[in-house]
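If you want the numbering used here, it's the 1-based position in the sequence shown plus 388.
In this text, a Cβ means the ideal position worked out from N, Cα and C, and glycines have one as well.
Predicted, not measured: the structure shown is a model, and the values here were computed from it.
Data first, discussion second: the structure below is written as structure tokens.
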Amino acid sequence: MSSDTPTTPTHHFIRQIVLDDLAAGRHGGRVATRFPPEPNGYLHLGHAKSICLNFGLAAEFGGTTNLRFDDTNPTREDIEYVEAIKADVAWLGFRWARLLHASDYFEVIYRCAEKLIRQGHAYVCDLSADAVREYRGTLTEPGRDSPYRGRGVDENLDLFRRMRAGEFADGSRTLRARIDMASGNINLRDPALYRIRKVPHQNTGDAWCIYPMYDFAHAISDAVEGITHSICTLEFEDHRPLYDWILDRLDLVGDDSLTEPLRAAGLDLPRSRPQQIEFARGNLDYTVMSKRKLIALVEEGHVDGWDDPRMPTLVGARRRGFPPAAIRTFWERAGVTKQNSVIGFDVLEGCVREVLDREAERRFAVLDPLPLVIENLADDHAESIPFPNHPKDPSRGTREVPFSSRLLIERDDFAEVPPKGFHRLVAGGEVRLRGVGIVRCTGVARDAAGRVTGLSATLDPDTRPGQPGAERKVKGTIHWVSARDALTAEVRLYERLFTAPDPDDDAGGGDFRDRIDRDSKRIAVAHVEPAAASADPETVFQFERLGYFVADRHDHRLERPVFNRTVTLRDSFAKAAK
Ligand code: ATP
Ligand code: MG
């Protein structure tokens, strides 16, 4: 990929923590991070922030990043998501050191639970989920001890082993940490560590009928794969005392017996005592990113699937033609803080334009055609004109654009009653045809309703490239395609999916569904030069003067070209909103 912006990394508080740790020689000078998605949905632009942060920090300091599936909740997970997440992370441009699963550690996590039981730090509780909630207390009232809190070590070990053996029904018992039912932090009021769930798991099949809770599995997973900096979002801030409580009691670095099952399985991982660090989620305006809402958009048919180009998913951004480098640059510039904030979607689009201006080859396409016949060329005139693929990069070479006496120009580029400052074609006026020369409009044909149906023009031969008058000035330059040679393409013109900057703000009534822009997708026909039609899927072009368009990943064919508009050339949305 040639699209990397050479940037100095933006400094932020997590980078400072890493620098300080390195200076102090903590973690033996290692930097190891992980990206830990739950395989219960597609990744979105918000996840990309975490991916860029984790992979970016490790790369900067010569460290490693693991991709670890936090697959502790078998009921919501699916192998389809696992595969999609791997593809998305790779597409964003990152290579993980190891691909791991929390479920790879189920045996280790189980041993950790037994260790806590033996230490007197965990007990089997028979309260129902409702009763647990009731005993837990509230923010203002302390909780009450479970009647099972006093169980002895032997009884707890026996019951826990029988939970594993499948002797008890789903939900009938849990393993809980014995911490403090009066703690001001509700996460420390004897949180559950294990629950019974007799469902098969996408990675471990039927091997288990008890599954560890997220907080318990997460802390242990970080430690057994040698993570040094466990970066997560702000809502985990008050889970950090539990994270530390778990790791302090287990001593995964010192106690080899806990990780013995991994070595037996040939998984030799470094171990560490990681540090959890929280940062604020990335949010974008005109976007929803909660998984529940994204699933609703797909399942209720508001969009054409997870990879609809209007979706904030990474597969959606990809199908829209957003280059991964633009997403990386965007999050790099957004910075990393502990303050929640919302960034304009236009800022992301700005990054997309910046990368595409540099990367995308230029092509000609006409969206709303008006025929123009050059009268002083033979009707069968045929030539091909070389055009640079990129105006600022001669190394990108040229392509041949067929030119003939019958052209199509944009309807907008002709005006019968020109508004003030209109510099393109008017009846009797002159304009430059890109790469051809200056034409004068000599005739306007209309249908019975008076609508303009075609133009005739003469080409001044003296203004053709290489001729003495080639430099003659006229105010306007327009693009064109040869009517005989152009191919018709389907173009999908996308706008933002939502009409409101905060689609989640229900204050005015309704919900996010009521703020979907039903006109956010329009299908049009474009006439494109042959060198656009023949592109591979996922090639992005600048259709000159129109915007950036990507050959659709799934539907584009030479015989039936399909392009999605990635972004317009300028931020017309912001202007229209003013
Ligand atoms: P849910 O809680 O609905 O499952 P999630 O967004 O937490 O959704 P995960 O799969 O757990 O989904 O996320 C993987 C990682 O991505 C987590 O570390 C999470 O903190 C991070 N992440 C998710 N959304 C964002 C966001 N908007 N900005 C930054 N990081 C995010
Ligand atoms: Mg989550």
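Exercise for review: Look at the alpha carbon of Ala580 and the alpha carbon of Asp492, and state the distance between them as a whole number of angstroms.
Suggested key: Within the sequence shown, numbered from 1, the residue matching residue 580 stands at position 192. Within the sequence shown, numbered from 1, the residue matching residue 492 stands at position 104. Taking the straight line joining both Cα atoms gives about 21 Å.
**Study point:** Segment contact flag, the segment 794-810 with the segment 866-874, C-beta cutoff 8 Å, min 3 pairs
**Key:** yes
Exercise for review: Please name the residue in Asn591, Leu527, Pro790 whose C-alpha comes closest to that of Gly823.
Suggested key: By one-based count along the sequence shown, residue 823 stands at place 435. It is Pro790 whose Cα lies nearest to the Cα of Gly823.
Practice item. Between the Cα of Leu881 and those of Leu875, Pro856, Ala912, spot the shortest distance and give me the residue it belongs to. Key: As a position in the sequence shown, residue 881 is number 493, starting the count at 1. That would be Ala912, whose Cα lies nearest to the Cα of Leu881.
**Study point:** Glu448 to Thr460 span [Cα, whole Å]
**Key:** Position 60 of the sequence shown, counted from the start, is the residue given in the question as residue 448. Position 72 of the sequence shown, counted from the start, is the residue given in the question as residue 460. Near 31 Å, if we compare the C-alpha coordinates of Thr460 and Glu448.
**Study point:** From Thr616, Arg637, Pro853, Ser783, residue whose alpha carbon lies closest to that of Gln507
**Key:** Taking the sequence shown and counting its residues from 1, the one referred to as residue 507 is at position 119. Per the Cα distances, Arg637.
Review point. Counting pairs of beta carbons, one from the segment 509-519 and one from the segment 545-561, are three or more of them closer than 8 Å?
Key: yes
Review point. Regarding His435 and the ligand ATP, is the C-beta to nearest heavy atom distance less than 8 Å?
Key: The sequence position of residue 435 within the sequence shown is 47, counting from 1. The answer is yes for His435.
Practice item. Starting from the C-beta of Pro807, find all residues in its chain whose C-beta is less than 8 Å away, skip the five residues before and the five after it, and write them out in chain order. Key: For the purposes of this step, residue 807 is taken as the residue at position 419 of the sequence shown. None.
Exercise for review: May I ask you to list the residues that DSSP assigns as paired with Cys620?
Suggested key: Locating residue 620 in the sequence shown gives position 232, counting from the first residue. According to DSSP, which records beta bridges pairwise, Cys620 is partnered with Glu666.
Practice item. Name the two residues that bound the continuous alpha helix (DSSP H) containing Val735. Key: Working through the sequence shown from its first residue, we reach residue 735 at position 347. Start and end: 733-747.
Review point. What residue ranges within the segment 589-640 form continuous beta strand (DSSP E) runs of no fewer than 3 residues, ordered along the chain?
Key: 598-600, 617-621
Check your understanding: What span of residues does the alpha helix (DSSP H) with Thr846 cover, start to end?
Key -> For the purposes of this step, residue 846 is taken as the residue at position 458 of the sequence shown. That residue, Thr846, is in no alpha helix (DSSP H); its beta strand (DSSP E) goes 840-847.
Exercise for review: Could you spell out where the alpha helix (DSSP H) holding Tyr469 opens and where it closes?
Suggested key: Sequence index remark: in the sequence shown, residue 469 carries index 81 (1-based). Per DSSP, Tyr469 belongs to the alpha helix (DSSP H) from 467-480.
Point to revise | Residues near Gly554 in its chain [Cβ-Cβ closer than 6 Å; skip 5 each side] | key: Here residue 554 corresponds to residue number 166 of the sequence shown, with the count starting at 1. Excluding sequence neighbours, Gly554 sits near Cys597.
Review point. Would you say Thr717 and Ala668 are within 9 Å of each other, going by their C-beta atoms?
Key: By 1-based counting over the sequence shown, the position of residue 717 is 329. By 1-based counting over the sequence shown, the position of residue 668 is 280. Against a cut-off of 9 Å, the Cβ pair of Ala668 and Thr717 comes out as no contact.
Review point. If you scan the segment 496-544 from start to end, which runs of the alpha helix (DSSP H) of 4 or more residues do you find wholly inside it?
Key: 517-524
Point to revise | One or two residues paired with Lys909 in a DSSP bridge | key: The sequence position of residue 909 within the sequence shown is 521, counting from 1. BP columns for Lys909 point to Tyr882.
Exercise for review: Pull up the CB-CB distance for Ala412 and Gly451, whole angstroms please, since I reckon it's below 8 Å.
Suggested key: Start at 1 with the first residue of the sequence shown, and residue 412 comes out as number 24. Start at 1 with the first residue of the sequence shown, and residue 451 comes out as number 63. At roughly 16 Å, the Cβ-Cβ gap does not stay under 8 Å, so Ala412 and Gly451 are not in contact.
Check your understanding: Looking only at C-alpha atoms, which of Arg486, Ala611, Ala490, Arg537 sits nearest to Ile505?
Key -> The sequence position of residue 505 within the sequence shown is 117, counting from 1. When only C-alpha atoms are compared, the closest one is Arg537.
**Study point:** Residues near Leu431 by beta carbon distance below 6 Å, same chain, minus five either side
**Key:** As a first step, residue 431 must be located in the sequence shown, where it is residue number 43. Result list for Leu431: Ile473, Asp476, Leu702, in chain order.
Check your understanding: Is Met677 near the ligand ATP, in the sense that its beta carbon is under 8 Å from a heavy atom of that ligand?
Key -> On the sequence shown, position 289 is the one that residue 677 refers to. At least one heavy atom of the ligand ATP is nearer than 8 Å to the Cβ of Met677, so yes.
Check your understanding: So, helix, strand or coil for Ile439, using DSSP?
Key -> If you number the sequence shown from 1, residue 439 lands on position 51. If DSSP states are grouped into helix, strand and coil, Ile439 belongs with the helices.
Practice item. Go through its chain and collect everything with a Cβ distance to Pro530's Cβ below 7 Å, but skip five positions before and after it. Key: Taking the sequence shown and counting its residues from 1, the one referred to as residue 530 is at position 142. Here the set comprises Met569, Ala570.
Review point. Going by beta carbon distance, what residues of the same chain come within less than 8 Å of Tyr582, once the five residues before and after it are set aside?
Key: The sequence position of residue 582 within the sequence shown is 194, counting from 1. Hits under 8 Å: Ala501, Phe548, Met551, Thr562, Leu563, Ile598, Tyr599, Pro600, Met601, Phe604.
**Study point:** Euclidean distance between Cα positions of Glu543 and His509
**Key:** What you label residue 543 is simply residue 155 of the sequence shown in a count that begins at 1. What you label residue 509 is simply residue 121 of the sequence shown in a count that begins at 1. Rounded to whole angstroms, Glu543 to His509 spans 14 Å at the Cα level.
**Study point:** At least 3 beta-carbon pairs within less than 8 Å: the segment 845-853 vs the segment 760-768
**Key:** yes
Check your understanding: Measuring CA to CA, which of Pro462, Val676, Gly481 is closest to Ile584?
Key -> Sequence index remark: in the sequence shown, residue 584 carries index 196 (1-based). Measuring from the Cα of Ile584, the nearest candidate turns out to be Pro462.
**Study point:** For Tyr493, three-class secondary structure by DSSP
**Key:** As a working mapping, residue 493 is identified with position 105 in the sequence shown. Helix.
Check your understanding: For Pro425, is the beta carbon positioned less than 8 Å from some heavy atom of the ligand ATP?
Key -> Reading the sequence shown from its first residue, position 37 is the one you call residue 425. Within the cutoff, so yes.
**Study point:** Three-state secondary structure (DSSP) of Phe802
**Key:** As a working mapping, residue 802 is identified with position 414 in the sequence shown. Correct three-state label for Phe802: strand.
Point to revise | Simplified DSSP assignment, three categories, for Arg566 | key: Locating residue 566 in the sequence shown gives position 178, counting from the first residue. Residue state, collapsed to three classes: coil.
Exercise for review: Return helix, strand or coil for Thr717, following the three-state DSSP convention.
Suggested key: Translated into the one-based positions of the sequence shown, residue 717 becomes position 329. In this structure, Thr717 counts as helix in the three-state DSSP scheme.
Practice item. Please list, in chain order, all residues of the same chain as His627 whose beta carbon is under 6 Å from its beta carbon, the five residues on each side excluded. Key: Counting from one through the sequence shown, the residue named residue 627 turns up at place 239. Within the same chain, His627 has close Cβ partners Asn575, Asp603.
Review point. Touch check for the segment 915-935 and the segment 742-754: three-plus C-beta pairs under 8 Å?
Key: yes
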